[in-house]
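Input: a single structure, listed below in structure tokens.
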């Protein structure tokens, strides 16, 4: 769906004509992402099946455990390319170091937060014959139905003070932050969609009668390079802090990081404590915190964007309208189909889909106005 809002023509070429880039023998960015997802999925599933806890593991135990997972993943046929040359062996080493570093960060985080993994790689809807938890089914004006399907990387939960919180985590091999403008215009649907789907099935997933949303976050899967020698552990852990959509509830802030002292900023989530030892939202994080009501309004707006995209697809309407935001041709920047569309801004019939930058308050105001008009 995001591709429709990035550029309708790109969606048509990729999913209608099913054009693909020429395959090159090597480790593609997509294959690297698959490796990270598979490794982290096996990591947690092995923890669950052996009833182990990261909190109680020693450094050596965690390293050995992670190495065992890596050897299983490297043994898969689809990753045999990593043994094909000396260069690929070095890339294999780098990949393993990345997963080891992520495992280190996950262990450090688990000791300071109330949110802990419940399930990983949760399928929703039906994909290739496999059926997961219920996905979104949205009616279209033409009488059809849009079936939204996908896979949630991780679901975390916390139960404290008779309240159960649920959050979803999306792994990214490149840095990603939540952008209100892109979410409003339908170009960043993942976080809102994943949380929407998880909340629909939250009672069954958690076994609790009432479940509150904690948020939906990105986790950057990487092996960070530091430029300073001071406070190495602290600065490294900061590189793995979560970014995304957070619920603005004072009770949740303490759940997110219960290790903070007065006047201290969390290394995991955008929360802090003031001089009075009170929890607050982190500096410069206002745009990422939503009340529960605001979050549900944004998720409903996200559903409307999906329906509109579905109706545009089924109507056969195809526009050459790449998105343009903040003086960047974001839809064209890395598009592999530029030689196919031959978009030329000098031609009067070729126009960008220009996005007006919005802050959280303006986006919510427009969402409410749109709801009133409908």
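In the UniProt record's numbering, the protein residues as written are 1 to 374. We put the beta carbon where it would ideally sit given N, CA and C, even for glycine. The structure displayed is predicted, hence computed values, not measured ones.
- Rounded to the nearest angstrom, the Cβ distance from residue 153 to residue 299 is 18 Å, too far for a contact under 8 Å.
- By the neighbour-count definition (other C-beta atoms within 10 Å, threshold 16), residue 251 is an exposed residue.
- In this structure, the alpha-carbon of residue 25 lies about 28 Å from that of residue 102.
- When C-beta atoms of the segment 303-322 are compared with those of the segment 133-145, three or more pairs fall below 8 Å, so the two segments count as touching.
- Cβ neighbours of residue 147 within its own chain (closer than 7 Å, five residues either side excluded): 125, 135 and 137.
- Counting the other Cβ atoms within 10 Å of the Cβ of residue 191 gives 16 or more, which makes it buried.
- Residue range 271-273 is occupied by the beta strand (DSSP E) that includes residue 271.
- For the pair residue 199 and residue 180, the CB atoms are not nearer than the 9 Å cut-off.
- Under the three-state reduction of DSSP output, residue 250 falls in the helix class.
- Between the alpha carbons of residue 346 and residue 320 lies a distance of about 14 Å.
- DSSP, reduced to helix, strand and coil, places residue 97 within a helical segment of the structure shown.
- Under the DSSP assignment, residue 202 falls outside any beta strand (DSSP E), being part of the alpha helix (DSSP H) whose first and last residues are 202-206.
- In the structure shown, residue 163 falls within a strand segment according to DSSP collapsed to helix, strand and coil.
- Closest in alpha carbon position to residue 327, among 20, 356, 343 and 334, is 356.
- The alpha-carbon separation between residue 98 and residue 330 amounts to approximately 28 Å.
- Secondary structure remark: continuous alpha helix (DSSP H) runs of at least 4 residues inside the segment 59-117, in chain order: 59-74 and 86-110.
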